[in-house]
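In this text, residue positions in the sequence shown follow this note's numbering: the first is 4, and each later residue adds one. Backbone N, C-alpha and C fix where the C-beta goes; we use that ideal spot for every residue, glycine too. Step one of this worksheet: look at the structure below.
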Amino acid sequence: MDLGSKKRIAVLAGGYSGEAVISLQSAATVIENLDTNLFEPVLVRIDPESWWVVDEKNGNPSIDKSDFTFSNSEGKQISFDAIFLMVHGTPGEDGILQKYFEELNLPFTTGSSESVSGTFNKFKTTSKLRDAGFVVGASELSDVGHEKIISNVGFPCFVKPNQGGSSLGISKVNSIEELEPAIEAARNTGADSIIVEALLEGREFSMGIVPGANNEAIAMPITEIITENEFFDYEAKYEGASEEITPADISDAQRTIMQESGVKAYKLLGCRGMVRIDFILVDAEKPAILEVNTVPGFSKMSILPQQLEEAGISIKDMLTRVINS
Numbered sequence: 004m005d006l007g008s009k010k011r012i013a014v015l016a017g018g019y020s021g022e023a024v025i026s027l028q029s030a031a032t033v034i035e036n037l038d039t040n041l042f043e044p045v046l047v048r049i050d051p052e053s054w055w056v057v058d059e060k061n062g063n064p065s066i067d068k069s070d071f072t073f074s075n076s077e078g079k080q081i082s083f084d085a086i087f088l089m090v091h092g093t094p095g096e097d098g099i100l101q102k103y104f105e106e107l108n109l110p111f112t113t114g115s116s117e118s119v120s121g122t123f124n125k126f127k128t129t130s131k132l133r134d135a136g137f138v139v140g141a142s143e144l145s146d147v148g149h150e151k152i153i154s155n156v157g158f159p160c161f162v163k164p165n166q167g168g169s170s171l172g173i174s175k176v177n178s179i180e181e182l183e184p185a186i187e188a189a190r191n192t193g194a195d196s197i198i199v200e201a202l203l204e205g206r207e208f209s210m211g212i213v214p215g216a217n218n219e220a221i222a223m224p225i226t227e228i229i230t231e232n233e234f235f236d237y238e239a240k241y242e243g244a245s246e247e248i249t250p251a252d253i254s255d256a257q258r259t260i261m262q263e264s265g266v267k268a269y270k271l272l273g274c275r276g277m278v279r280i281d282f283i284l285v286d287a288e289k290p291a292i293l294e295v296n297t298v299p300g301f302s303k304m305s306i307l308p309q310q311l312e313e314a315g316i317s318i319k320d321m322l323t324r325v326i327n328s
C-alpha cells in the first residue's frame, strides 16, 4: 500500500459487537498519532444502523456504501485513499469489511478477507496451527456433545465464543454441571459457535507483531500478564485487574522461541499490519499459542503501545508503516 504523497485515511471505529467501546478508544489513539504531514485522518463510525463521518460541524454526514464516499458541506463527494481498520470483532475482524473494501479496490490495513475470517474463527485457527506443528491446547466446538468434550478436552477447561475478542463471554469450567451454563453465557454474546479449550497452566504472555522499516514482520518486546482474576478476562484487560510487565522477565532462549514462533504464525495465517499473539509458557521451553488478534486493542491501556515504547518505535512511525505495508 504505497501511498507516497499526503492521502486521506478513513479511520474506522465502532462495530456491531460489545467491543465497540474499545474500538473507539483504539481509533482515538490512531487519530491522535497519525503523521499529519503524510495523512489526513477522518474518523468514520461503523454502527449497526449506519456508517457515518464524525464531523459535527457538517452534520455527521453518512457514508454512501455503494462506493464508501460522503458529501461535504459544499455538496462535494469525498473519497478515501486507504482504510485504517480499528473495528474489533464483527465486522472488522471477521472479514466482512475486508471483503467489502476488496470489492471496491480500496487498500486497508489488515490481512485479506480470507485471512482475517480464518483467524477470527478460534477453532479453525487452532487446528491450522496444530497441523503446522505449533503447540496449542486441545479444543472442541460445543456442538460435538458433552461426551466428546470430556474425552478430548477434559476439566478444567475454558468456554468462550468461537468468534470474538476482548475476553467477552469467557468462563472457566471445572465440572460437567458448569458446562451448559458457560456455553449459554458465551452464546449470549451473539456468537455463532462456541469453543471449549483445554486449560493450559503456566505464565501468560502477549506479543505484538508489526511491519518493519522494510515491510518485514518484526516481533515486539514480550509482555507478561499477571492477573488478579482467575484468568485474563475483560475486567483484567480493560479495568486494571492485571499487571502487565514489559519487557517480560524471561530467558533469552524463551524470548527467541516466542518471537520466532509468533512471526511464523503471522506468516502462516496470512496476517498483515499490526497483530497481537497471546502465549502461555507451559514449560520452560514450550510456548503454546492461545490466540491471534488481527485488529488488536490500541487504546492507551492496551499492550501494543507499551511494547512499541519499549522497542523505541514511535506510534507515529509504526502507523505509517502499517498504512504503507
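Beta-bridge partners of residue i, as assigned by DSSP
i, result
"S174", "V162"
"F42", "K10"
"F327", "It should be noted that the sequence gives Asn, not Phe, for residue 327. Bridge partners of N327: none, in fact."
"G283", "Contrary to the premise, residue 283 reads as Ile rather than Gly in this sequence. Answer is E207, A291."
"D252", "In the DSSP output, where bridge partners are listed per residue, D252 has none listed."
"L15", "V47, L88"
"S245", "T230"
Rounded Cβ spacing between residue i and residue j (contact assumed at less than 8 Å)
i, j, result
"V138", "A291", "4 Å"
"S142", "I186", "Not really, about 14 Å apart at Cβ, beyond 8 Å."
"R275", "S328", "6 Å"
"T112", "L88", "5 Å"
"A188", "K270", "Their Cβ separation, rounded to whole angstroms, is 35 Å, which puts A188 and K270 out of contact at 8 Å."
"A314", "P224", "6 Å"
"E43", "K9", "6 Å"
"A85", "P110", "5 Å"
"I228", "E200", "About 17 Å; that fails the 8 Å criterion."
"S20", "T93", "5 Å"
"R206", "L284", "5 Å"
"C160", "L203", "That belief does not hold up - the Cβ atoms of C160 and L203 are roughly 10 Å apart, past 8 Å."
"K163", "I179", "Not quite, the Cβ-Cβ distance comes to about 18 Å (not below 8 Å), so this is no contact."
"F73", "I12", "Between I12 and F73 the Cβ distance is about 14 Å, and since that is not below 8 Å, they are no contact."
"I353", "G265", "This structure leaves residue 353 out entirely; the chain is present only between 4 and 328."
"M277", "P308", "That pair is no contact at about 10 Å."
"W55", "K68", "In fact, because the Cβ distance is near 11 Å, the residues do not count as touching under 8 Å."
"V47", "I66", "6 Å"
Where residue i sits in the DSSP three-state scheme
i, result
"M321", "helix"
"D236", "Model confidence at D236 stands at a pLDDT of 48, short of 50, so the residue's coordinates are unreliable and nothing is read from them."
"F126", "helix"
"N296", "strand"
"G121", "helix"
"S53", "coil"
"S145", "helix"
"D58", "coil"
"E231", "coil"
"E22", "coil"
"V278", "strand"
"S302", "coil"
"S264", "helix"
"S69", "coil"
"P64", "coil"
"A31", "helix"
"P224", "coil"
"L307", "helix"
"A314", "helix"
"L37", "coil"
"L272", "coil"
Environment of residue i [buried if 16+ CB atoms lie within 10 Å]
i, result
"T259", "exposed"
"A30", "buried"
"A194", "buried"
"V33", "buried"
"P51", "exposed"
"T39", "exposed"
"A16", "buried"
"I49", "buried"
"Q166", "buried"
"D70", "exposed"
"D281", "buried"
"S317", "exposed"
"G98", "buried"
"Q310", "buried"
"E96", "buried"
"H91", "buried"
"G136", "exposed"
"V147", "exposed"
"Q80", "exposed"
"S116", "buried"
"G157", "exposed"
"K303", "exposed"
Any alpha helix (DSSP H) of 4 or more consecutive residues that is wholly inside the segment 71 to 117: Complete alpha helix (DSSP H) runs here, min 4: 99 to 107.
4 or more residues per run - each alpha helix (DSSP H) lying fully within the segment 179 to 222: Listed in chain order, they are 179 to 190.
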